[in-house]
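Step one of this worksheet: look at the structure below.
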Amino acid sequence: MAPSRFLPKPWLSSSLACVLALASANPLLAQATRTEHDSLGNRQIPVEAYWGAQTSRALENFPFNTQKLEHFPTFLQAYAYVKKAAAQANCELGILSKEKLDAISQACDEIIAGKLHNQFPEDMIQAGAGTSTNMNFNEVIANRGLEIMGKQKGDYKFLHPNDDVNLSQSTNDNYPTAARVAIVMEITRSLKAMEGLKTALEAKGSEFKDVIKMGRTEMQDAVPVTLGQEFNGFADTVNEAMIQLKEAQTAFMKVNLGGTAIGTGLNSPPKYCALSIQKLAKLTGYPFVRSHDLVGASSDCSGYVQMSGAMKRAGLVMSKIANDLRLMSSGPRTGFFEITLPATQPGSSIMPGKVNPVICEVTSSIAYQLAGYDTTVTMAAELSSLELNPVECIIVYDLLCGTSLLTKGAEVFTTKCVVGVKANTERCRMLVKNSIGLVTALNPVLGYERSASIAKESLATGRSVYDLVLEKGWMTKEQLDDMLKPENMTQPRDWPKK
Numbered sequence: 003m004a005p006s007r008f009l010p011k012p013w014l015s016s017s018l019a020c021v022l023a024l025a026s027a028n029p030l031l032a033q034a035t036r037t038e039h040d041s042l043g044n045r046q047i048p049v050e051a052y053w054g055a056q057t058s059r060a061l062e063n064f065p066f067n068t069q070k071l072e073h074f075p076t077f078l079q080a081y082a083y084v085k086k087a088a089a090q091a092n093c094e095l096g097i098l099s100k101e102k103l104d105a106i107s108q109a110c111d112e113i114i115a116g117k118l119h120n121q122f123p124e125d126m127i128q129a130g131a132g133t134s135t136n137m138n139f140n141e142v143i144a145n146r147g148l149e150i151m152g153k154q155k156g157d158y159k160f161l162h163p164n165d166d167v168n169l170s171q172s173t174n175d176n177y178p179t180a181a182r183v184a185i186v187m188e189i190t191r192s193l194k195a196m197e198g199l200k201t202a203l204e205a206k207g208s209e210f211k212d213v214i215k216m217g218r219t220e221m222q223d224a225v226p227v228t229l230g231q232e233f234n235g236f237a238d239t240v241n242e243a244m245i246q247l248k249e250a251q252t253a254f255m256k257v258n259l260g261g262t263a264i265g266t267g268l269n270s271p272p273k274y275c276a277l278s279i280q281k282l283a284k285l286t287g288y289p290f291v292r293s294h295d296l297v298g299a300s301s302d303c304s305g306y307v308q309m310s311g312a313m314k315r316a317g318l319v320m321s322k323i324a325n326d327l328r329l330m331s332s333g334p335r336t337g338f339f340e341i342t343l344p345a346t347q348p349g350s351s352i353m354p355g356k357v358n359p360v361i362c363e364v365t366s367s368i369a370y371q372l373a374g375y376d377t378t379v380t381m382a383a384e385l386s387s388l389e390l391n392p393v394e395c396i397i398v399y400d401l402l403c404g405t406s407l408l409t410k411g412a413e414v415f416t417t418k419c420v421v422g423v424k425a426n427t428e429r430c431r432m433l434v435k436n437s438i439g440l441v442t443a444l445n446p447v448l449g450y451e452r453s454a455s456i457a458k459e460s461l462a463t464g465r466s467v468y469d470l471v472l473e474k475g476w477m478t479k480e481q482l483d484d485m486l487k488p489e490n491m492t493q494p495r496d497w498p499k500k
């Protein structure tokens, strides 16, 4: 039970009682308060806090204890870019004073630099299409701006969260624009991590180009392949996933900033939309452009679905590679053991010496989580109603979590697994030599019927395809050796004359 000094008293206002009741759990609230108000009434705000009345309501309404806004620094930076771009445009259009622009800009710059992030305590999961998030930013920027101007926090007659910081704006164009900026920035990091993975796989493809091994289809022996060909194939699938991510990122460069509430641009000057987006592009270094139709863009969340799908594909590609490496390293005595993975940690609390492919396993776990995010994003995007999607926050939350997982997953998979893979060359060659799959390479000379009979006999007797063909006199040793050279089995070649 909370100490009695934190229990609500009948004579306290409900908001102050809430502040005191929460104080034991949140040190930020255990301090003197100032009075602020919003359209629903007065609120008691800790004097040291830069957030205000509407943020305090969000703390009560959305107490889900998932990750907070402050845990997503890229999103905070992106939102600050949007607010600064808006202020610059408003000042240039003559509706915001230079003094207010300077105060807003400095506050935004501090957020971009990583300061004040603890002033964004709201839960990322919230309703209202992000209104609480937008007001958290408006209040923090306004109160920090007031300090910069030499005024007291909460003295909004000098710099107002709505009238000045949110001038010419709405949550409905600010929030999705900030989300797109943040996701574009995070996907850039994801692409860099995946480029590192692709490069590492290509390096292994070159290193293993002469290592002959058995290819398998449906988990059964198929035909020979080089380990290098497999790794080059892995690299190519990563590259294809990167192409799709880049396409989704390019689509994200279209923003609805300037559309205000539903895309009509109500309460913004005629030139504000184009100018604010121009300022945003310059501040971020990304070529953001205006959405073709702002009304449609205000409710259309299909771009999120495209991005989510591209992220899911990237995760599944990495998981497929991880699963293949896990299989090829299985054993070491009773499995394939064609490759050895780096040992990263002891694998068992009971079996001494056991080492598990934990990096491969966690890579697959990340893929499953990305698939889960994709399902949530798809369902939430479908909830767009008329001119707005009311649950855009869960979409943004999942995509930002997903980009972080994708980036770190690719980095860990590369550095702790792929770069340290070693080929067990002799083991690979032995498995090829003893496989009945060799008979497929002889099919052009022996024909399908004789090849099938050799395969059955080899399987039944345990004798090698090589020895059986020689014994039957169907090919000479020289012919067999030529047909079964690694370079002749792993690429197209002219058929020998029968």
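To get this note's numbering, take the position in the sequence shown, counting from 1, and add 2. By construction, the Cβ of each residue, glycine as well, lies at the ideal position given by its N, Cα and C atoms.
Going by DSSP, what residues sit across from Ala425 in a beta bridge? Your numbering for residue 425 matches position 423 in the sequence shown. Under the DSSP definition of a beta bridge, Ala425 partners with Ile341.
Nearest-angstrom Cβ-Cβ length linking Ile323 and Gln251, presumed shorter than 8 Å: Locating residue 323 in the sequence shown gives position 321, where the first residue counts as 1. Locating residue 251 in the sequence shown gives position 249, where the first residue counts as 1. Not a contact, Cβ separation roughly 22 Å.
Applying the criterion that 16 or more other CB atoms from any shown protein chain within 10 Å of the CB defines a buried residue, is Val183 buried or exposed? As a first step, residue 183 is located in the sequence shown; it is residue number 181 there, counting from the start. Burial call: buried.
Using 8 Å as the cut-off, can you tell me whether the region 435 to 445 makes contact with the region 409 to 422, which would need three or more C-beta pairs spanning the two stretches below that distance? Below 8 Å, too few C-beta pairs join the region 435 to 445 and the region 409 to 422 to call them touching: fewer than three.
I think Gly235 touches Phe210, with their Cβ atoms under 8 Å apart; what is that distance to the nearest whole Å? Residue numbering aside, residue 235 sits at position 233 when the sequence shown is read from its first letter. Residue numbering aside, residue 210 sits at position 208 when the sequence shown is read from its first letter. For a cut-off of 8 Å, the C-beta gap from Gly235 to Phe210 is around 12 Å, too long to register as a contact.
Could you spell out where the beta strand (DSSP E) holding Ile47 opens and where it closes? In the sequence shown, the residue the question calls residue 47 occupies position 45. Counting along the chain, the beta strand (DSSP E) containing Ile47 begins and ends at Gly43 to Pro48.
Is it the case that the Cβ atoms of Val297 and Glu363 are separated by a distance below 8 Å? Position 295 of the sequence shown, counting from 1, holds the residue named residue 297. Position 361 of the sequence shown, counting from 1, holds the residue named residue 363. Judged by beta-carbon spacing, Glu363 lies beyond the 8 Å limit of Val297, meaning their Cβ atoms are not closer than that value.
Kindly provide the ranges of any alpha helix (DSSP H) runs that are 4 or more residues long and lie completely inside the region 405 to 464, ordered along the chain. List check, alpha helix (DSSP H) in window: 427 to 435, 440 to 448 and 450 to 463.
I'd like to check one pair, Glu50 with His119: are the Cβ atoms closer than 8 Å? Position 117 of the sequence shown, counted from the start, is the residue given in the question as residue 119. Position 48 of the sequence shown, counted from the start, is the residue given in the question as residue 50. Taking 8 Å as the Cβ cut-off, His119 and Glu50 do not qualify as a contacting pair.
On the DSSP bridge assignment, give the partners of Pro272 in chain order. Residue 272 sits at position 270 when you count from the first residue of the sequence shown. Answer is none; Pro272 lacks a bridge partner.
Contacts around Ala263, its chain only, beta-carbon distance under 7 Å, and the 5 residues preceding and following it disregarded: For the purposes of this step, residue 263 is taken as the residue at position 261 of the sequence shown. Cβ neighbours of Ala263 beyond the five flanking positions: Ser172 and Asn174.
Is the CB-CB distance between Leu203 and Leu247 below 8 Å? Residue mapping note: residue 203 aligns to position 201 of the sequence shown, counting from 1. Residue mapping note: residue 247 aligns to position 245 of the sequence shown, counting from 1. Between Leu203 and Leu247, the CB-CB gap reaches or exceeds 8 Å.
CA-CA distance, Phe160 and Cys110? Numbered from 1 along the sequence shown, position 158 holds the residue referred to as residue 160. Numbered from 1 along the sequence shown, position 108 holds the residue referred to as residue 110. Looking at the two C-alpha atoms, the distance is approximately 17 Å.
Identify every residue that forms a DSSP beta bridge with Arg218. Taking the first residue of the sequence shown as position 1, residue 218 is located at position 216. According to DSSP, which records beta bridges pairwise, Arg218 is partnered with Asp223.
Three-state secondary structure assigned by DSSP to Thr37: Sequence index remark: in the sequence shown, residue 37 carries index 35 (1-based). Three-state result, Thr37: strand.
Apply the 10 Å Cβ neighbour rule to Gln46 and answer buried if 16 or more other Cβ atoms are within range, or exposed otherwise. Counted from its first residue, the sequence shown places residue 46 at position 44. With 16 or more Cβ atoms within 10 Å of its Cβ, Gln46 is classed as buried.
Where Asp483 and Arg431 are concerned, what is the direct C-alpha to C-alpha distance, given to the nearest angstrom? For the purposes of this step, residue 483 is taken as residue 481 along the sequence shown, with counting starting at 1. For the purposes of this step, residue 431 is taken as residue 429 along the sequence shown, with counting starting at 1. Straight-line Cα distance between these residues: approximately 14 Å.
To the nearest whole angstrom, what separates the beta carbons of Leu169 and Ile97, a pair I think is in contact under 8 Å? Locating residue 169 in the sequence shown gives position 167, counting from the first residue. Locating residue 97 in the sequence shown gives position 95, counting from the first residue. Going by Cβ atoms, the distance from Leu169 to Ile97 rounds to 7 Å, so yes, they are a contact pair.
Given this structure, state the Cα-to-Cα distance separating Leu407 from Ala345, to the nearest angstrom. Along the sequence shown, read from residue 1 onward, the residue named residue 407 stands at position 405. Along the sequence shown, read from residue 1 onward, the residue named residue 345 stands at position 343. Taking the straight line joining both Cα atoms gives about 22 Å.
How many angstroms separate the CA atom of Asp295 from the CA atom of Lys102? Taking the sequence shown and counting its residues from 1, one reaches residue 295 at position 293. Taking the sequence shown and counting its residues from 1, one reaches residue 102 at position 100. Rounded to the nearest angstrom, the gap between the Cα atoms of Asp295 and Lys102 is 31 Å.
What are the boundary residues of the alpha helix (DSSP H) that Leu199 is part of? Start at 1 with the first residue of the sequence shown, and residue 199 comes out as number 197. Here the alpha helix (DSSP H) through Leu199 covers Thr173 to Glu209.
Inter-residue Cα distance where the pair is Thr76 and Leu402: Numbered from its first residue, the sequence shown carries residue 76 at position 74. Numbered from its first residue, the sequence shown carries residue 402 at position 400. Those two C-alpha atoms are separated by around 9 Å.
Helix, strand or coil at Asp469 according to DSSP, with G and I counted as helix: Locating residue 469 in the sequence shown gives position 467, where the first residue counts as 1. In the three-state reduction of the DSSP assignment, Asp469 falls in the helix class, which pools H, G and I.
What residues in its chain sit with their C-beta under 7 Å from that of Gly315, if we drop five residues either side in the sequence? Translated into positions along the sequence shown, residue 315 becomes position 313. In the sequence under discussion, the amino acid at residue 315 is Arg, which differs from the Gly named in the question. Excluding sequence neighbours, Arg315 sits near Ala243 and Gln246.
Determine the DSSP secondary structure at Thr228, reduced to helix, strand or coil. The residue labelled residue 228 in the question sits at position 226 within the sequence shown. Thr228 carries a strand assignment under DSSP once its states are collapsed to helix, strand and coil.
Please work out which residues of its chain come closer than 8 Å, Cβ to Cβ, to Tyr468, disregarding the five sequence neighbours upstream and downstream, and give them in chain order. For the purposes of this step, residue 468 is identified with residue 466 of the sequence shown, where counting begins at 1. Excluding residues within five positions, the ones whose Cβ falls inside 8 Å are Lys435, Leu440, Leu482 and Leu486.
Proximity below 8 Å, CB of Ala383 to CB of Ser300: Position 381 of the sequence shown, counting from 1, holds the residue named residue 383. Position 298 of the sequence shown, counting from 1, holds the residue named residue 300. No, they are not a contact pair.
What would DSSP say about Leu161, mapped onto helix, strand or coil? Taking the sequence shown and counting its residues from 1, the one referred to as residue 161 is at position 159. In the structure shown, Leu161 sits in coil (DSSP, three-state: anything other than H, G, I, E or B).
Going by beta-carbon coordinates alone, are Gly198 and Ala412 separated by less than 8 Å? Within the sequence shown, numbered from 1, the residue matching residue 198 stands at position 196. Within the sequence shown, numbered from 1, the residue matching residue 412 stands at position 410. The Cβ atoms of Gly198 and Ala412 sit closer than 8 Å to each other.
Do Thr135 and Tyr83 come within 8 Å of each other at the CB atom, strictly closer than that value? One-based indexing of the sequence shown puts residue 83 at position 81. One-based indexing of the sequence shown puts residue 135 at position 133. Taking 8 Å as the Cβ cut-off, Tyr83 and Thr135 do not qualify as a contacting pair.
Compute the distance between the beta-carbons of Met313 and Thr416, then report whether it is under 8 Å. Start at 1 with the first residue of the sequence shown, and residue 313 comes out as number 311. Start at 1 with the first residue of the sequence shown, and residue 416 comes out as number 414. If you check the CB distance, Met313 and Thr416 do not come in under 8 Å.
Unbroken alpha helix (DSSP H) run spanning Glu71, endpoints: Translated into positions along the sequence shown, residue 71 becomes position 69. The residue you asked about is not Glu; residue 71 is Leu in the sequence shown. From DSSP, Leu71 is part of no alpha helix (DSSP H); its letter is neither H nor E.
Just how far apart, CA to CA, sit Asn138 and Glu220? Taking the first residue of the sequence shown as position 1, residue 138 is located at position 136. Taking the first residue of the sequence shown as position 1, residue 220 is located at position 218. Approximately 54 Å between the Cα atoms of the pair.
Determine the DSSP secondary structure at Leu390, reduced to helix, strand or coil. Here residue 390 refers to the residue found at position 388 when the sequence shown is read from its first residue. In the three-state scheme derived from DSSP, where H, G and I count as helix and E and B as strand, Leu390 is classed as strand.
DSSP-derived helix/strand/coil call for Lys153: For this step, residue 153 is matched to residue 151 along the sequence shown. Annotated three-state conformation of Lys153 is coil, per DSSP.
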